[in-house]
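A short write-up of the structure that comes next.
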Amino acid sequence: MPDEYDYFPVEGFDEIVRHHGDASFGWKMIAQTAASQGVENCKVSCHLVPCHFTNLLPSFRANQWVLTLFLAKESLPELHLPVNSRLSLAIRCMILMFSVMMAGTLLSHAAYAQRPESVVLAKQKPLIAEYITTANALAASFETSSDTDEGLVEIRNKLIALEEKILASAVEFRPRMNEINSRLDQLGEPPASGTVEEPEAVTAERNFLLAEKAEINQLIGEAESASVRVNNLIEDIGTRRRELFAQALSKRYDINASVLINAASEFGQEVSELWRRVSSWLRFIVRFKLQSVVGATFIALAAAFLLMIGGRKIAASMTANAGDIASPTFLERISVAFWATLLPTLVLGVFAYTTLQLYKDFGLFRDDLGTIIVSIVDVTIVVYLVHRLALLILAPWNPAWRLVKFGNEPSKQLYWLVVATAGITGLDLIMSTVNDVLSSPLNLTVAKTLVATVIVAVLILMIGNAKPTEDADGKRKPWPMPVRYLLYLIGLVPLAASFLGYVGLARFALQQIVVTGAVVVTMYVGFLASREIAAENAFLRTSEGQWLKKRFKYSDTTIDQIGVASGILTNFIVLLIGLPLILLQWGFQWGDIRTWAVKILSGVQVGSITISFFGILSGIAIFIVAFALMRWFQRWLDGTVMARSKMDSGVRNSIRTAIGYVGFVVAALFGVSAAGIELQNLALIAGGLSLGIGFGLQNIVSNFVSGLILLAERPFKAGDWIVAGNVSGFVKKISVRATEIETFQRQTVILPNSELINAAVGNWTHRNRTARIEIAVGVAYGTDARRVRDILMTIATEHPLVLKNPEPAVVFTSFGESSLDFELRIFLLDVFDLNVVQSEIRFSILDAFAAENIEIPFPQRDITIKGGPVVEALDKALPKTRKPPARGRSRRSADE
Amino acid sequence: MKILLTGLTVLALTGGQALAASAVNKDSEVRVLVVTEGSGRTELPIASGETVEFCPNGCFVTLPNGDREALTGSETIEIVGGRARIN
Numbered sequence: 000m001p002d003e004y005d006y007f008p009v010e011g012f013d014e015i016v017r018h019h020g021d022a023s024f025g026w027k028m029i030a031q032t033a034a035s036q037g038v039e040n041c042k043v044s045c046h047l048v049p050c051h052f053t054n055l056l057p058s059f060r061a062n063q064w065v066l067t068l069f070l071a072k073e074s075l076p077e078l079h080l081p082v083n084s085r086l087s088l089a090i091r092c093m094i095l096m097f098s099v100m101m102a103g104t105l106l107s108h109a110a111y112a113q114r115p116e117s118v119v120l121a122k123q124k125p126l127i128a129e130y131i132t133t134a135n136a137l138a139a140s141f142e143t144s145s146d147t148d149e150g151l152v153e154i155r156n157k158l159i160a161l162e163e164k165i166l167a168s169a170v171e172f173r174p175r176m177n178e179i180n181s182r183l184d185q186l187g188e189p190p191a192s193g194t195v196e197e198p199e200a201v202t203a204e205r206n207f208l209l210a211e212k213a214e215i216n217q218l219i220g221e222a223e224s225a226s227v228r229v230n231n232l233i234e235d236i237g238t239r240r241r242e243l244f245a246q247a248l249s250k251r252y253d254i255n256a257s258v259l260i261n262a263a264s265e266f267g268q269e270v271s272e273l274w275r276r277v278s279s280w281l282r283f284i285v286r287f288k289l290q291s292v293v294g295a296t297f298i299a300l301a302a303a304f305l306l307m308i309g310g311r312k313i314a315a316s317m318t319a320n321a322g323d324i325a326s327p328t329f330l331e332r333i334s335v336a337f338w339a340t341l342l343p344t345l346v347l348g349v350f351a352y353t354t355l356q357l358y359k360d361f362g363l364f365r366d367d368l369g370t371i372i373v374s375i376v377d378v379t380i381v382v383y384l385v386h387r388l389a390l391l392i393l394a395p396w397n398p399a400w401r402l403v404k405f406g407n408e409p410s411k412q413l414y415w416l417v418v419a420t421a422g423i424t425g426l427d428l429i430m431s432t433v434n435d436v437l438s439s440p441l442n443l444t445v446a447k448t449l450v451a452t453v454i455v456a457v458l459i460l461m462i463g464n465a466k467p468t469e470d471a472d473g474k475r476k477p478w479p480m481p482v483r484y485l486l487y488l489i490g491l492v493p494l495a496a497s498f499l500g501y502v503g504l505a506r507f508a509l510q511q512i513v514v515t516g517a518v519v520v521t522m523y524v525g526f527l528a529s530r531e532i533a534a535e536n537a538f539l540r541t542s543e544g545q546w547l548k549k550r551f552k553y554s555d556t557t558i559d560q561i562g563v564a565s566g567i568l569t570n571f572i573v574l575l576i577g578l579p580l581i582l583l584q585w586g587f588q589w590g591d592i593r594t595w596a597v598k599i600l601s602g603v604q605v606g607s608i609t610i611s612f613f614g615i616l617s618g619i620a621i622f623i624v625a626f627a628l629m630r631w632f633q634r635w636l637d638g639t640v641m642a643r644s645k646m647d648s649g650v651r652n653s654i655r656t657a658i659g660y661v662g663f664v665v666a667a668l669f670g671v672s673a674a675g676i677e678l679q680n681l682a683l684i685a686g687g688l689s690l691g692i693g694f695g696l697q698n699i700v701s702n703f704v705s706g707l708i709l710l711a712e713r714p715f716k717a718g719d720w721i722v723a724g725n726v727s728g729f730v731k732k733i734s735v736r737a738t739e740i741e742t743f744q745r746q747t748v749i750l751p752n753s754e755l756i757n758a759a760v761g762n763w764t765h766r767n768r769t770a771r772i773e774i775a776v777g778v779a780y781g782t783d784a785r786r787v788r789d790i791l792m793t794i795a796t797e798h799p800l801v802l803k804n805p806e807p808a809v810v811f812t813s814f815g816e817s818s819l820d821f822e823l824r825i826f827l828l829d830v831f832d833l834n835v836v837q838s839e840i841r842f843s844i845l846d847a848f849a850a851e852n853i854e855i856p857f858p859q860r861d862i863t864i865k866g867g868p869v870v871e872a873l874d875k876a877l878p879k880t881r882k883p884p885a886r887g888r889s890r891r892s893a894d895e
Numbered sequence: 000m001k002i003l004l005t006g007l008t009v010l011a012l013t014g015g016q017a018l019a020a021s022a023v024n025k026d027s028e029v030r031v032l033v034v035t036e037g038s039g040r041t042e043l044p045i046a047s048g049e050t051v052e053f054c055p056n057g058c059f060v061t062l063p064n065g066d067r068e069a070l071t072g073s074e075t076i077e078i079v080g081g082r083a084r085i086n
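Note that the protein sequences, when read in sequence, are chains Z and R.
In terms of numbering that gives the first Met the number 0, the first sequence opens at residue 0 and continues consecutively.
In terms of numbering that gives the first Met the number 0, the second sequence opens at residue 0 and continues consecutively.
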């Protein structure tokens with residue numbers, strides 16, 4: 000093998016030439032060489048695999064590719080890959096460098112086994128070891144500091160972050176594993192003993208890859224065990240926190256006078272301690288950080304100013320004409336309330352947190368005071384939100400904008416009570432933070448909580464005792480009984496608990512009540528809003544409804560329906576936001592809620608079928624989109640293509656209808672498969688249906704098939720005049736089950752298609768509209784029959800709508816009882832002129848016969864009466880003036 | 000109407016996205032994945048042709064050929080010939 004060559008044999012392939020770097024260069028090099036040497040039948044195929052030689056060739060980057068060229072055997076004896084003079088110096092250098100490296104490598108196959116670890120292994124191995132150490136450390140700190148909830152929460156948060164890191168680290172192995180697996184696939188299984196041995200290079204590479212794979216699997220296994228351990232710890236912490244919580248709630252403090260007296264003196268000490276800290280902090284700030292404070296305050300104020308201006312502008316645009324409306328509708332009130340609550344709170348929140356962040360960034364906070372300040376900011380924002388909410392729902396000073404039907408005085412009273420409740424609860428929270436930071440004595444904490452609880456409980460009792468509504472006479476009425484008693488209960492239970500010494504329970508209950516109450520009230524307003532949106536024609540009156548009407552030209556009914564849908568959607572959104580908030584407030588973890596939501600949305604297993612909310616939704620959405628597309632295609636084909644091709648309207652109708660049904664079926668299939676329902680399952684249903692068809696559905700199926708035949712065969716089309724059994728009229732619409740026919744009396748008859756297929760159907764307008772009509776006429780005996788024929792012929796030929804060819808004919812049909820009967824047969828170009836022509840010809844016949852004195856006779860009878868008394872009786876009965884009827888002139892009366 | 004259609008298309012495209020990892024067994028026999036999610040380890044048998052969704056929050060999984068993989072919860076696993084391909 001010449002030195003310049005850089006290929007070596009591999010089992011399964013004739014020769015392999017490897018080349019690092021530009022793939023197209025290597026390929027071209029082989030192809031050019033083969034061509035220049037006149038090699039025929041040289042099959043050069045390229046195969047790119049990720050670089051496994053990165054570790055061997057440190058000068059190459061990790062993401063470089065190896066070009067492997069498989070050459071057919073017959074081309075190799077002749078093919079030489081020389082470093083010839085035609086190749087540029089750079090190329091020669093490259094090939095030379097590669098050859099040297101490759102040769103060096105090939106000389107010691109053992110090098111495969113001694114190769115350094117892959118990059119990912121080298122990087123992740125110490126990381127995973129570090130994570131395991133961290134997990135152990137956290138487990139140890141859990142054992143030691145499992146007495147405080149704050150400590151446990153901190154460890155838990157660290158564990159959650161650690162778990163994410165472990166998983167991320169294990170995920171990092173995936174690309175390398177994929178590489179190894181695909182390379183192992185290329186190398187194939189080791190040859191069985193007794194067969195041709197494979198080159199050592201291949202064996203060595205395979206062994207190396209397998210070893211690396213085993214190591215990766217082992218590391219992922221370690222990561223998995225660490226993850227399990229971390230999750231177990233998280234669960235243990237959850238259990239421990241629940242135990243602590245239960246202890247805190249069930250812990251009883253002895254409440255007596257000494258507690259309160261001690262607390263009073265300790266309160267004084269605490270205030271002075273707080274003041275000492277605050278003043279020392281302020282001194283520090285003034286001496287060393289004055290510039291930063293001025294700077295940070297200036298930036299925060301500037302941000303606040305901008306936000307205020309922007310917020311006000313937005314608020315003003317949202318509530319532009321709010322002031323002008325004397326009696327706003329509920330929807331107007333609620334939308335103004337929404338924006339007027341949200342925007343100022345948002346502005347305040349952004350301002351407060353920007354300021355906090357800036358102060359933190361400038362290093363102005365001390366840890367202890369910083370915590371207190373953050374809690375003050377949090378509480379302020381929540382209390383402000385409650386205040387805005389109460390102001391807008393109760394509107395104490397603006398009855399027209401009140402969202403609830405309360406009286407003026409009760410609204411004011413309730414507003415103050417609600418704001419006071421929120422304020423006191425917030426104050427209690429701030430005080431608790433202060434207690435924690437200053438490590439206050441237990442007496443003080445208990446006494447403070449007791450005072451706050453009693454005040455809030457009394458406030459809630461006062462809310463329960465309020466008489467918010469007014470009857471027609473202006474007399475105030477209390478809350479409905481369930482609400483009143485619920486409020487009493489909510490106030491009394493914490494009150495009793497705190498006096499019995501269960502201060503922790505009382506405080507927990509009150510906090511939950513205040514926050515949950517705020518969420519529930521907000522949700523209630525949301526539900527009210529949705530009810531108002533969905534009310535009849537309410538949406539039509541809103542600006543959004545008017546915009547939809549103007550923009551999309553929707554009808555009032557459509558907009559009303561959109562209103563109903565918006566109402567349902569609002570309910571859904573309120574539940575979606577409100578429920579998780581309440582659950583979170585009551586101690587459920589975000590992760591749990593998310594998992595439930597995912598379970599509900601992504602599928603509920605019923606037997607072997609998974610019903611997925613998202614699947615169904617996306618199925619419906621895809622069906623609607625596909626159906627709309629098909630409809631659009633149908634309209635486009637009908638209106639653009641078929642209309643221009645001057646196609647017969649019947650064919651057009653058939654094609655349009657057929658496309659409509661095909662479109663529906665295709666859209667339904669798309670929808671069904673997008674919903675995750677296997678089409679195989681539908682086959683089962685179809686099997687069941689076929690049994691049903693055998694029994695009960697055969698009529699419907701027969702009509703359906705008949706409909707398809709009608710569309711394909713087209714014995715009549717829309718607009719044709721058909722006669723089917725007793726029904727005669729115009730075809731209006733051919734559907735798949737039935738055909739709609741409008742009779743001349745404008746009655747719509749729905750005729751099942753099977754009747755149109757199974758029975759004879761007359762079509763006046765099938766191939767053309769030509770029709771023959773007959774007009775029968777009788778003349779008196781004694782009239783000149785030939786003269787009659789001539790008159791009739793003249794009348795027929797002179798009528799403009801009667802066809803000359805085929806020419807009209809007069810047929811002497813019979814000798815009737817009273818007349819000579821003729822029939823005038825004429826052809827019309829358009830059958831729809833039938834009635835007009837018949838009528839006009841009859842007029843003409845009457846006129847012509849009158850002019851010619853031709854008589855149209857009545858039916859006549861000769862009556863022979865036998866016996867005298869009867870004749871005499873008749874003579875007496877008949878009036879004297881009446882003459883006996885002349886022969887052939889009189890109509891026979893019924894009583895004769 | 001256009002907005003409605005666009006909205007529905009977006010819904011269809013996003014709604015169709017799985018909220019969990021999914022595994023489809025293209026073999027003719029039952030394959031079993033061993034899934035470690037949270038602190039629990041469960042065996043997840045997948046019938047031939049069946050697609051299952053699991054692991055919404057990330058998990059470790061041992062594939063039928065013994066390889067271990069960590070999943071973030073958005074992957075699709077295809078089992079062909081007892082081996083798994085992860086996309």
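We treat Cβ as the ideally placed atom computed from N, Cα and C, and that holds for glycine.
So, using beta-carbon positions, are residue i and residue j closer together than 7 Å?
| i | j | result |
| --- | --- | --- |
| Ala19 of chain R | Leu166 of chain Z | no |
| Leu823 of chain Z | Ala784 of chain Z | no |
| Glu539 of chain Z | Gly490 of chain Z | It is Leu, not Glu, that sits at residue 539 of chain Z in the sequence shown. Cβ distance not < 7 Å, so Leu539 of chain Z and Gly490 of chain Z don't count as in contact. |
| Ile615 of chain Z | Ala674 of chain Z | yes |
| Phe703 of chain Z | Val661 of chain Z | no |
| Ile371 of chain Z | Val450 of chain Z | no |
| Ala657 of chain Z | Leu710 of chain Z | yes |
| Ile532 of chain Z | Gly566 of chain Z | yes |
Using a C-beta cutoff of 7 Å, does residue i count as contacting chain C?
| i | result |
| --- | --- |
| Gly638 of chain Z | This model lacks chain C altogether; the protein chains it does include are Z and R. |
Which word fits residue i, buried or exposed, when buried means at least 16 other C-beta atoms lie within 10 angstroms of its C-beta?
| i | result |
| --- | --- |
| Trp400 of chain Z | buried |
| Asp360 of chain Z | exposed |
| Met629 of chain Z | buried |
| Lys645 of chain Z | exposed |
| Val776 of chain Z | buried |
So which residues of chain R does residue i contact, with C-beta pairs closer than 9 Å?
| i | result |
| --- | --- |
| Glu242 of chain Z | Simply none; closest approach about 19 Å. |
| Thr594 of chain Z | Pro55, Asn56 |
Please list, in chain order, the chain R residues whose beta carbon lies closer than 7 Å to that of residue i.
| i | result |
| --- | --- |
| Asn231 of chain Z | Ser38 |
| Arg173 of chain Z | Glu68, Ile85 |
Taking C-beta pairs closer than 7 Å, name the residues in chain Z that residue i reaches, listed in chain order.
| i | result |
| --- | --- |
| Asp66 of chain R | Met176, Asn216 |
| Gly57 of chain R | Leu166 |
Going by DSSP in three states, residue i sits in which element: helix, strand or coil?
| i | result |
| --- | --- |
| Ile254 of chain Z | coil |
| Trp631 of chain Z | helix |
| Asn86 of chain R | coil |
| Lys645 of chain Z | coil |
| Leu43 of chain R | strand |
| Arg483 of chain Z | helix |
Mind listing the chain R neighbours of residue i? Cutoff is C-beta to C-beta under 8 Å, in chain order.
| i | result |
| --- | --- |
| Gly220 of chain Z | Arg67 |
Taking Cβ-Cβ distances shorter than 9 Å, what residues in chain Z pair up with residue i?
| i | result |
| --- | --- |
| Thr71 of chain R | Leu166, Ala167, Val170 |
Under 8 Å Cβ-Cβ, which residues of chain Z neighbour residue i?
| i | result |
| --- | --- |
| Thr35 of chain R | Glu223, Ser226, Val227 |
3-residue-minimum beta strand (DSSP E) runs that sit fully inside the region 803-835 of chain Z, ordered along the chain:
808-814, 818-827
Which residue spans inside the region 397-455 of chain Z form an unbroken alpha helix (DSSP H) run of at least 4?
407-437
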